[in-house]
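Enquirer: In my numbering, the protein residues as written are -10 to 816.
The beta-carbon is built from N, C-alpha and C at its ideal position, and this holds for glycine as well.
Here's a structure for you.
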């Protein structure tokens, strides 16, 4: 067997040929970003207002609005670049890895670092990283539909070529890389396989449609307003400015950007807790999960298998692996011959690490019998001078079946397995057979096997799993353990983890005996499922969903892909998961630790909370802005909101929505309450009416200030000064009411909020106190008492709006408050 390339040779070839990338990550260029902004309605209205001011000779206002247009472009570029950086970090995490021989060692490297001449191992469920020529292979088949369009898998033999991007659907092999990157057949086609794009979620698509309709409505109503004022007063330019101001106030252009920023940074924050979000909709769904269906091995346990003992048939004693007794050595030797070399499977590695010294030379492999759902046994046939030696290991009941044990021996074997499994040990049986040299039999059932013994493995529970399970249950999330292990092993581990075992364990055989309705009834109570085949997971997912649950499901194999796709949140394993599983899943668990899933739920809920606050705020603040631009004009009063005032307010709203709310820490009781229903998105009427009510409250308070000043003989500029100050105070107070996660000072944790608040206060103070700024903003000097009264009234209205927000958020929860244990409610 080759030692592969040396590290130095690989570095030289990588420098010569470049990385094994078909298409670099795409990023919008500066010109494209500016072009996109230039087509936005808000930007066009800004330019129109600036042009009108210049036409009527108001140079300062025109230049200021032109400056705001430049600032708008800058804000979009900053937001886009921050989102790009977050996505680049995710793409780096999502790069697939390859098992390659370097310096005589089998190591795992990023696929981009594979070079021509490398020797790579390929196996079932993996996508091939480059065009390769097969040097060794066993029952290898590839799905080349990505290249040919043919769905039938293609058998491969030594000497055949396998292509980059194709999928290994069966078998395994060793191959040498012939071409990488754009020189592969896939590269010639120009397709890209590995790409993380934040595709629009259903909520994004809904809001995009709403935004387009509002843009049309804003255009029509602003035209009506401009004509109304122009005809009524004869001042067409002033009418046009009033119409533009109203159109700008009606456009909720923040909503698409807010969703993009929230999803990009939500995915970035998920990556910080070792959860890679391949699809942003999965972040929303994870926060609403009510059932977590998780594997035992490697997720709840450490996936650090240790061979604890060997039990011989009929013996009550578990021998330690180093026991020198010949029967014990025979069991170890046979188990090693049934294990693939170079494997990453933790059980095989534990066997090989213990038993490799017992066999100097394995011999010539005649045939491999892979493990299947129908027969969970792994076997290999080896050529010997007098025939074939067939070594097998697998589930004890399956090994017992191919050994054709009599009833009393099967019962004794069952008792031995139960005793070991009750201690939380994973148990495999080992058997041996001989066959004629003429050729290995096609089926294991055709061989007469002899049972040699049992192997007992320990895979310790992760230390932090019980606390994480308790946290999940406190948050109204039930944890269901699904494993291929023995029922007694599953029960013991579940009990240690704190998973409910009161309803017993449902096995795969019992599951098959239930129809869909009966299974849906069973999963209302049962939380532990054992001896479950991958394809049975799909029935479990559908059974939970039939009960109205939002299901998150973990998986790692090729056959797990259907259940990962069917679940509301598919979670693939990042280390031992196949490429097929990762592509089917919305999330990838990078270090395969259950506590990461619970951490992801917390982040999903935090993002949902903050997104609701941002949308509530957008709706609430646009009501007074639009009302102040529309109502005075329609009532024949002086114009209150000019384009410059709308723009100043928008300069505050944009960063607050995109960054201040996104950065608000989660509430302390975030994991003490039940999940929200999946359909309770932030843009439904039940949520929006609270924002509308808060906005109307703020609008009425500002109109009261405006009308009171005019009624007392004040000038329009004085009334405008106090009204805008009341609006600004109400705007900032509403943000602080919404942003505080818990406790009066919690909002200080969001530094963008503190900065924007300080800048807004400085701008308003300058507008009131500095003559030049007053003239630019069409303000006038006002008395301190009147200013204080206006600010207090605006703040009072915002506090009332904040109370409405709190009530709305409580109403959005299914029970109006926390739920400490949802299990009883489901029963």
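Might you give, ordered along the chain, the residues of its own chain that have their beta carbon closer than 6 Å to the beta carbon of residue 320, omitting 5 neighbours on each side?
Expert: Translated into the one-based positions of the chain shown, residue 320 becomes position 331. Excluding residues within five positions, the ones whose Cβ falls inside 6 Å are 299, 419, 441 and 442.
Enquirer: May I have a chain-ordered list of the alpha helix (DSSP H) segments no shorter than 4 residues that lie completely inside the region 338 to 419?
Expert: Fully enclosed alpha helix (DSSP H) runs of 4 or longer: 385 to 391 and 396 to 410.
Enquirer: Here's a check: name, in chain order, each residue in its chain whose Cβ is nearer than 6 Å to the Cβ of residue 602, leaving out the five neighbours to either side.
Expert: Position 613 of the chain shown, counted from the start, is the residue given in the question as residue 602. Answer for residue 602: 650 and 727, listed in chain order.
Enquirer: If you reduce the DSSP assignment to three classes, tell me which class residue 316 lands in.
Expert: The count along the chain shown starts at 1 and reaches residue 316 at position 327. Helix.
Enquirer: Taking 8 Å as the cut-off, does the region 257 to 276 touch the region 288 to 298 (at least 3 CB pairs, one atom from each stretch)?
Expert: Because the criterion of three Cβ pairs below 8 Å is not met, the region 288 to 298 and the region 257 to 276 do not touch.
Enquirer: Contact between the region 442 to 456 and the region 403 to 421 is defined here as three or more beta-carbon pairs at a separation below 8 Å; is this criterion met?
Expert: Counting Cβ pairs under 8 Å, three or more are found: they touch.
Enquirer: Which runs of the beta strand (DSSP E) fall wholly inside the region 98 to 170 and span at least 3 residues, in chain order?
Expert: Entirely contained in the region 98 to 170, the beta strand (DSSP E) runs reaching 3 residues are, in chain order, 108 to 112, 120 to 132 and 156 to 168.
Enquirer: List in chain order: all unbroken alpha helix (DSSP H) runs of 4+ residues lying wholly within the region 538 to 624.
Expert: Runs of the alpha helix (DSSP H) inside the region 538 to 624: 550 to 555, 568 to 573 and 583 to 623.
Enquirer: Please classify residue 520 as buried or exposed, where buried requires at least 16 other C-beta atoms within 10 Å of its C-beta.
Expert: Position 531 of the chain shown, counted from the start, is the residue given in the question as residue 520. Counting Cβ neighbours within 10 Å, residue 520 comes out buried, since at least 16 surround it.
Enquirer: How big is the Cα-Cα spacing for residue 85 and residue 104?
Expert: Taking the first residue of the chain shown as position 1, residue 85 is located at position 96. Taking the first residue of the chain shown as position 1, residue 104 is located at position 115. Cα to Cα, the separation comes out at about 15 Å.
Enquirer: Rounded to whole angstroms, what is the Cα-Cα separation between residue 160 and residue 336?
Expert: Looking up residue 160 in the chain shown gives position 171. Looking up residue 336 in the chain shown gives position 347. So the alpha carbons of these two residues sit roughly 19 Å apart.
Enquirer: Considering only the alpha carbon of each residue, which of 256, 617 and 522 lies closest to residue 496?
Expert: Position 507 of the chain shown, counting from 1, holds the residue named residue 496. Residue 496 has its Cα closest to that of 522, out of 256, 617 and 522.
Enquirer: Taking only runs that begin and end inside the region 487 to 545, name each unbroken beta strand (DSSP E) of 3 or more residues, in chain order.
Expert: The region 487 to 545 contains these whole beta strand (DSSP E) runs: 494 to 496, 517 to 519 and 540 to 544.
Enquirer: Which residue from 434, 156, 174 and 723 puts its Cα closest to that of residue 421?
Expert: In the chain shown, residue 421 corresponds to position 432, counting from 1. Minimum Cα distance to residue 421 is reached at 434.
Enquirer: Is residue 433 helix, strand or coil when you go by DSSP?
Expert: Indexing the chain shown from 1 puts residue 433 at position 444. In the structure shown, residue 433 sits in a helix (DSSP, three-state: H, G or I).
Enquirer: Where does residue 632 land, buried or exposed, given buried means 16+ other C-beta within 10 angstroms?
Expert: As a working note, residue 632 is residue 643 in the chain shown. Under this definition residue 632 is a buried residue.
Enquirer: Provide the residue(s) that pair with residue 694 in DSSP beta bridges, ordered along the chain.
Expert: Within the chain shown, numbered from 1, the residue matching residue 694 stands at position 705. In DSSP, residue 694 forms no bridge with anything.
Enquirer: Hey, quick one: how far does the alpha helix (DSSP H) through residue 724 stretch, first residue to last?
Expert: Looking up residue 724 in the chain shown gives position 735. Segment 705 to 728, the alpha helix (DSSP H) holding residue 724.
Enquirer: Residue -9 to residue 478, Cα distance in whole Å?
Expert: In the chain shown, counting from the first residue as 1, residue -9 sits at position 2. In the chain shown, counting from the first residue as 1, residue 478 sits at position 489. Taking the straight line from one Cα to the other gives about 41 Å.
Enquirer: Considering just the uninterrupted stretch of the beta strand (DSSP E) at residue 284, what are its terminal residues?
Expert: Sequence index remark: in the chain shown, residue 284 carries index 295 (1-based). Taken as a continuous stretch (DSSP letters only), the beta strand (DSSP E) holding residue 284 covers 280 to 284.
Enquirer: Does the region 275 to 287 come into contact with the region 526 to 536, if we say contact requires no fewer than three beta-carbon pairs (one atom in each stretch) closer than 8 Å?
Expert: Touching, yes.
Enquirer: Which term fits residue 301, buried or exposed, when burial requires 16 or more other beta carbons within 10 angstroms of its beta carbon?
Expert: Residue 301 sits at position 312 when you count from the first residue of the chain shown. It counts as buried.
Enquirer: Check whether the region 593 to 609 and the region 576 to 583 touch, using three or more Cβ-Cβ pairs below 8 Å as the test.
Expert: The region 593 to 609, when compared against the region 576 to 583, does not touch it at the 8 Å Cβ threshold.
Enquirer: With a cut-off of 8 Å on the beta carbons, I'd call residue 93 and residue 162 a contact; round off their distance for me.
Expert: As a first step, residue 93 is located in the chain shown; it is residue number 104 there, counting from the start. As a first step, residue 162 is located in the chain shown; it is residue number 173 there, counting from the start. No, residue 93 and residue 162 are not in contact; Cβ-Cβ is about 19 Å, not under 8 Å.
Enquirer: Going by DSSP in three states, residue 467 sits in which element: helix, strand or coil?
Expert: Counted from its first residue, the chain shown places residue 467 at position 478. Reduced to three states, the DSSP call for residue 467 is strand.
Enquirer: First and last residue of the beta strand (DSSP E) that includes residue 665?
Expert: Here residue 665 is taken as the residue at index 676 of the chain shown, counted from 1. Premise fails: residue 665 is in no beta strand (DSSP E) and is neither H nor E.
Enquirer: Just the C-alpha distance for residue 366 and residue 389, rounded to the nearest angstrom, thanks.
Expert: For the purposes of this step, residue 366 is identified with residue 377 of the chain shown, where counting begins at 1. For the purposes of this step, residue 389 is identified with residue 400 of the chain shown, where counting begins at 1. Approximately 11 Å, taken between the alpha carbons.
Enquirer: Measuring only the C-alpha atoms, how far is residue 689 from residue 696?
Expert: On the chain shown, position 700 is the one that residue 689 refers to. On the chain shown, position 707 is the one that residue 696 refers to. Going from the Cα of residue 689 to the Cα of residue 696 covers about 10 Å.
Enquirer: Using only the alpha-carbon positions, how far apart do residue 112 and residue 378 sit?
Expert: The residue you call residue 112 lines up with position 123 of the chain shown. The residue you call residue 378 lines up with position 389 of the chain shown. If you take the alpha carbons of residue 112 and residue 378, they lie about 25 Å apart.
Enquirer: Quick one: give me the first and last residue of the beta strand (DSSP E) that residue 447 is part of.
Expert: Reading the chain shown from its first residue, position 458 is the one you call residue 447. Note, residue 447: beta strand (DSSP E), 439 to 447.
Enquirer: Tell me, please, whether the region 745 to 754 touches the region 650 to 660 by the rule of three or more beta-carbon pairs shorter than 8 Å.
Expert: No: fewer than three Cβ pairs fall under 8 Å.
Enquirer: Is it the case that the Cβ atoms of residue 247 and residue 600 are separated by a distance below 9 Å?
Expert: On the chain shown, residue 247 is found 258 positions in, with the first residue counted as 1. On the chain shown, residue 600 is found 611 positions in, with the first residue counted as 1. Yes. Within cutoff.
Enquirer: From residue 425 to residue 376, what does the alpha carbon distance come to, in whole angstroms?
Expert: The count along the chain shown starts at 1 and reaches residue 425 at position 436. The count along the chain shown starts at 1 and reaches residue 376 at position 387. For residue 425 and residue 376, the distance between alpha carbons rounds to 5 Å.
Enquirer: Beta-carbon separation of residue 708 and residue 694 under 9 Å?
Expert: Numbered from 1 along the chain shown, position 719 holds the residue referred to as residue 708. Numbered from 1 along the chain shown, position 705 holds the residue referred to as residue 694. Their beta carbons are under 9 Å apart, which means residue 708 touches residue 694 by this criterion.
Enquirer: Can you tell me which of the three DSSP states residue 262 falls into?
Expert: As a position in the chain shown, residue 262 is number 273, starting the count at 1. The answer is coil: DSSP assigns residue 262 none of H, G, I, E or B.
Enquirer: Whose C-alpha, out of 126, 154, 223 and 2, is nearest the C-alpha of residue 107?
Expert: Taking the chain shown and counting its residues from 1, the one referred to as residue 107 is at position 118. Of the candidates 126, 154, 223 and 2, the one whose C-alpha sits nearest the C-alpha of residue 107 is 2.
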